[in-house]
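Under the working numbering, the first residue of the sequence shown carries the number 84, and numbering increases by one thereafter. We treat Cβ as the ideally placed atom computed from N, Cα and C, and that holds for glycine.
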Amino acid sequence: MLTVVTVYASYLDFGSMNTVVALLIASVKASLVALFFMHLRHDKFNAVIFLGGLLFLAIFMIWTLFDIG
């Protein structure tokens, strides 16, 4: 179902928000994979480590997008 959302969103024009929408859809899909397939929903310690890594990745991506924009 989320693949259909991704493909459908690629045909829509969100203007300057195209990158933001694409990253939000990808984030939802990645969080479902991490929670259910990587079993981080039940393993709190590794989930905190994983989320810390994602936080730093988000900071670097936002910093880069501000620099490019």
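Rounded to whole angstroms, what is the Cα-Cα separation between residue i and residue j?
{"i": "Ala109", "j": "Val90", "result": "12 Å"}
{"i": "Lys112", "j": "Gly98", "result": "22 Å"}
{"i": "Asp150", "j": "Ile142", "result": "12 Å"}
So the candidates are the options; which of them puts its Cα closest to the Cα of residue i?
{"i": "Ser114", "options": "Ile151, Leu85, Trp146", "result": "Leu85"}
Within the same chain, show all residues whose beta-carbon is closer than 7 Å to that of residue i, passing over the 5 residues directly before and after it, in chain order.
{"i": "Ala117", "result": "Leu123, Phe133"}
Identify, in the order they occur along the chain, each residue of the same chain with its Cβ nearer than 8 Å to the Cβ of residue i, setting aside the five sequence neighbours on each side.
{"i": "Ala92", "result": "Val104, Ala105, Ile108"}
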